[in-house]
Amino acid sequence: RLTTVTNGEAAEIVCRELNDARNAYGVKIAAYVIMPEHMHIMLWAESGRSISNFMQRSMARISKCLEPGAGRFWKERLRVLPLYSPAIIKIKIEYIHNNPIRLGLASNPSEWKYSSYCQLMMGNSDASLLCDIVEDFYL
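This note's numbering puts the first residue of the sequence shown at -6, with every later residue one more than the last.
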């Protein structure tokens, strides 16, 4: 059975580890949602290697904190989708923010606390994990 992020403390651990990895590798977080058994995150970096290092570090540390000794938090392997078009980026950001609705966890994206929706769409900067505003992503 997979560990789930079902409480604020676990979600805060995910946010902390993503922040630490972002600072270590110079990766920008453009949008995200943290779900009970997975997350969606849109990243930007100068090199693909930085993103790879970011994901390896954050996934390993999150697993270690949430499932000590078991080594299994993530349900699937990492899926990477390079995004080049502003139109596709907008579609993917909407997909990310609507994930809690699709899974029946919220009726509106603003209801899901561990998401970039309130920051990016409503201007609220009161979140444990803030996005780096990458202007070209939000055109």
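Built from N, CA and C at the ideal position, the CB exists for glycine as well. Just so it is clear, the structure is predicted and the values come from calculations on it, not from any experiment.
* Asked: Quick one: Cα of Tyr107 to Cα of Ala4, how far?
  -> 7 Å
* To do: Helix, strand or coil for Tyr110, going by three-state DSSP, please let me know.
  => helix
* **Cutoff 8 Å; reference Glu136; Cβ partners in own chain excluding five residues on either side** => Outside the shown range of the chain, which is -6 to 132, sits residue 136, and nothing can be said about it.
* Ala23 by DSSP, collapsed to three states: which one? -> strand
* **Residues near Ala17 by beta carbon distance below 7 Å, same chain, minus five either side** => Arg50
* For the 8 Å Cβ check, are there 3 or more pairs between the stretch 87 to 98 and the stretch 106 to 123? -> yes
* Buried versus exposed call for Gly64 [16 or more other C-beta atoms within 10 Å across all chains shown] -> Residue confidence is low: Gly64 scores 48 on pLDDT, short of 50, so the model does not pin down where it sits. No coordinate-derived value is stated.
* Asked: Going by beta carbon distance, what residues of the same chain come within less than 8 Å of Gln112, once the five residues before and after it are set aside?
  -> Ser118, Ala120, Leu123, Cys124
* **Residues bridged to Ile34 [DSSP beta-bridge criterion]** => Its beta-bridge partners are Tyr25.
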